[in-house]
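Remarks on the structure that follows.
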Amino acid sequence: MTTYLVTGGAGFIGSNFIHFMLGKYGDSIKIINVDVLTYAGNPENLAAVADYPGYSFIKADICDKEKITAIFRENEIDVVVHFAAESHVDRSIADPEVFVRTNVLGTLVMLNSAKGAWEKEDGTYPKGKKFIHISTDEVYGSLTEEGTYFYETTPYDPRSPYSASKAGSDMLVRSYMETYKFPANITNCSNNYGPYQFPEKLIPLIINNALQGKKLPVYGDGKNVRDWLYVEDHAKAIDLVCEKGGLFETYNIGGHNEKQNIEIVKIILDTLLDMLPDSDPRKKHISHDLITYVEDRKGHDRRYAIAPDKIKADLGWEPDTMFAEGIRLTIAWYFENTDWMAHVTSGEYQDYYDRMYK
Ligand code: NAD
Ligand code: DAU
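For the sequence shown, numbering that gives the first Met the number 0 gives the first residue as 0, with consecutive numbering after it.
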């Protein structure tokens, strides 16, 4: 039986990954979710699996060396899937320090704890032990020309405190692979969307605001491009990397689904209008007039676009969910989970929103 230690499993992608893995493998795997529950971590995301025999939760900070070392000592961990991070670019612009702490120092603690638990006296590692470091396409910088893409060989050029801290963590993982032959993979994925995404990110923020008839803030000219991937497809890719990824390899993950932000906002509005029955009172608020151009993000990266050729050729991965379907599934999830949205938008979120948008 494989035991996975998932960090940041109470966040957006981590919780979707845990749902996917327990759905696919059931009782034949164990998952230990280690999460400190920042504003972005939410136990409600895992309510549906909380009682699974193979699932357990440990509240811990990945920067806490003693606690993380103890978790490795007390559990026979086979695979680490390291999601835990500060993940929002705008917050990194306002307050970079916690990004360096969690993303760089936290990753170092995770690497050292896994190395300490797994390394044999001769410096080798038992078969089956693996550390999957979840990173982002933002480390490659910003593309300007149409038809250019990020490959695994593209030089790093991070441009925000968030992407700089992720690049720092990737470099640490690379250095451990080189120096200690530490068994790891790095994955660099494009923008995810889907259930359980916190409404500080573009897609859930637009869905939530539109349903309340609030302004839809679009940064700058709205023509920045992101390459969107349905989160379950990301989970499937990570599962494949865990299973079959070549040791020390990096994989770019993306679905060739580039869209300008303004296109995304208009698709969401049109899909909401199409999906809501006329009798739903929220429908009368929704209109393209809600779109409001606001001050641009500082240092706003113009375009991201992943070339997922390697993961397709080596592991046979391709996305299953096209955007037109994924956005309907996502909106349907937010329709059904209004309590979830109400909980995550109370308290700290309101202060954040006022700071950002007023
Ligand atoms: P998220 O912000 O939704 O979740 C982050 C989780 O990490 C939360 O549960 C939080 O409580 C936890 N966490 C934060 N600091 C911690 C600490 N010190 N100790 C333990 N847990 C801590 O993030 P996400 O969008 O799910 O992203 C997950 C990972 O995927 C990140 O590493 C991110 O860089 C990467 N990524 C995200 C995207 C995206 O589009 N969201 C795309 C590519 C890669
Ligand atoms: O590319 C992968 C990255 O995608 C991940 O590494 C990050 O963790 C994740 O947050 C995401 O970063 P982005 O900055 O691309 O995502 P965000 O949803 O914040 O913004 C998407 C685009 O929409 C971006 O060009 C900024 C714009 N935007 C965002 C918000 C929140 C707006 O125009 N208005 C907004 O209110």
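For each residue, glycine too, the CB sits at the ideal point set by N, CA and C.
If you're wondering where the values come from, they're calculated on a predicted model, not measured in any experiment.
Residue i beta carbon near the ligand GTP (any heavy atom closer than 8 Å)
{"i": "Asp300", "result": "Among the ligands present in this structure, namely the ligand NAD and the ligand DAU, the ligand GTP is not found."}
Residue i: CB within 8 Å of a non-hydrogen atom of the ligand DAU
{"i": "Cys188", "result": "yes"}
{"i": "Asp136", "result": "yes"}
{"i": "Ser27", "result": "no"}
{"i": "Met157", "result": "In the sequence under discussion, the amino acid at residue 157 is Pro, which differs from the Met named in the question. Checking every heavy atom of the ligand DAU against the Cβ of Pro157, none is found closer than 8 Å."}
{"i": "Val217", "result": "yes"}
{"i": "Ser162", "result": "yes"}
{"i": "Ile61", "result": "no"}
{"i": "Val293", "result": "yes"}
{"i": "Gly221", "result": "yes"}
{"i": "Arg296", "result": "yes"}
{"i": "Ile202", "result": "yes"}
{"i": "Glu199", "result": "yes"}
{"i": "Asn260", "result": "yes"}
Integer Cβ distance of residue i from residue j, believed to fall under 8 Å
{"i": "Ser134", "j": "Thr186", "result": "6 Å"}
{"i": "Tyr139", "j": "Gly325", "result": "Going by Cβ atoms, the distance from Tyr139 to Gly325 rounds to 23 Å, so no, they are not a contact pair."}
{"i": "Tyr250", "j": "Ile310", "result": "4 Å"}
{"i": "Leu210", "j": "Arg281", "result": "5 Å"}
{"i": "Lys258", "j": "Arg225", "result": "7 Å"}
{"i": "Ser159", "j": "Val103", "result": "Contact flag wrong, Cβ pair sits at about 14 Å."}
{"i": "Gly115", "j": "Ile61", "result": "Actually they do not touch by this definition, with Cβ atoms about 15 Å apart."}
{"i": "Tyr148", "j": "Ala306", "result": "4 Å"}
{"i": "Ile252", "j": "Leu271", "result": "So it is not a contact: roughly 28 Å between Cβ atoms."}
{"i": "Asn223", "j": "His299", "result": "6 Å"}
{"i": "Ser189", "j": "Leu142", "result": "Wrong, their Cβ atoms sit about 12 Å apart, outside the cutoff."}
Check: residue i C-beta below 8 Å from any heavy atom of the ligand NAD
{"i": "Ser86", "result": "yes"}
{"i": "Val35", "result": "yes"}
{"i": "Ala47", "result": "no"}
{"i": "Phe149", "result": "no"}
{"i": "Gly346", "result": "no"}
{"i": "Thr320", "result": "no"}
{"i": "Ile12", "result": "yes"}
{"i": "Phe71", "result": "no"}
{"i": "Ile76", "result": "no"}
{"i": "Gly7", "result": "yes"}
{"i": "Ala341", "result": "no"}
{"i": "Lys165", "result": "yes"}
{"i": "Thr329", "result": "no"}
{"i": "Ile133", "result": "yes"}
Delimiting residues of the beta strand (DSSP E) encompassing residue i
{"i": "Arg225", "result": "224-226"}
{"i": "Asp34", "result": "28-34"}
{"i": "Thr249", "result": "249-252"}
{"i": "Val88", "result": "Counting along the chain, Val88 falls outside any beta strand (DSSP E), though it belongs to the alpha helix (DSSP H) covering 88-93."}
{"i": "Gln259", "result": "257-259"}
{"i": "Phe56", "result": "54-58"}
{"i": "Pro216", "result": "215-218"}
{"i": "Lys129", "result": "129-135"}
{"i": "Val79", "result": "78-81"}
{"i": "Tyr3", "result": "1-6"}
{"i": "Asn187", "result": "183-188"}
First through last residue of the alpha helix (DSSP H) which encompasses residue i
{"i": "Leu289", "result": "Leu289 -> no alpha helix (DSSP H), and no H or E assigned at all."}
{"i": "Thr106", "result": "105-117"}
{"i": "Trp332", "result": "322-335"}
{"i": "Ala46", "result": "Here Ala46 belongs to no alpha helix (DSSP H), and DSSP marks it neither H nor E."}
{"i": "Glu144", "result": "Where Glu144 is concerned, there is no enclosing alpha helix (DSSP H), given that its DSSP letter is neither H nor E."}
{"i": "Glu317", "result": "Element bounds for Glu317: n/a, residue is neither H nor E."}
{"i": "Asn15", "result": "11-24"}
{"i": "Pro160", "result": "160-179"}
{"i": "Thr366", "result": "The requested residue 366 is not part of the displayed model; the chain covers only 0 to 357."}
Buried versus exposed call for residue i [16 or more other C-beta atoms within 10 Å across all chains shown]
{"i": "Thr320", "result": "buried"}
{"i": "Tyr402", "result": "Since the displayed the chain opens at 0 and closes at 357, residue 402 lies outside it and no answer follows."}
{"i": "His18", "result": "buried"}
{"i": "Arg72", "result": "exposed"}
{"i": "Ala47", "result": "exposed"}
{"i": "Arg301", "result": "exposed"}
{"i": "Arg90", "result": "buried"}
{"i": "Met20", "result": "buried"}
{"i": "Pro276", "result": "exposed"}
{"i": "Leu246", "result": "exposed"}
{"i": "Gly315", "result": "exposed"}
Cut-off 6 Å between Cβ atoms - residues of its own chain near residue i, not counting five sequence neighbours on either side
{"i": "Ser55", "result": "Ile31"}
{"i": "Phe130", "result": "Val79, Ala113, Ala183"}
{"i": "Val97", "result": "Glu85"}
{"i": "Ser164", "result": "Phe98, Val99, Asn102, Val103"}
Contacting residues, own chain, Cβ-Cβ under 7 Å from residue i (five flanking each side not counted)
{"i": "Pro216", "result": "Thr291, Val293, Tyr356"}
{"i": "Leu204", "result": "Pro198"}
{"i": "Glu386", "result": "There is no way to answer for residue 386, as the model of the chain reaches only from 0 to 357."}
{"i": "Lys128", "result": "Asp77, Trp117, Pro182"}
{"i": "Tyr51", "result": "Leu21"}
{"i": "Asn146", "result": "The residue asked about is misnamed: residue 146 is Gly in this sequence, not Asn. Correct list: empty, nothing qualifies."}
Residues near residue i in its chain [Cβ-Cβ closer than 8 Å; skip 5 each side]
{"i": "Phe82", "result": "Val5, Thr6, Gly7, Gly8, Gly10, Ile12, Gly13, Phe16, Ile133"}
{"i": "Leu36", "result": "Ala9, Pro42, Lys58"}
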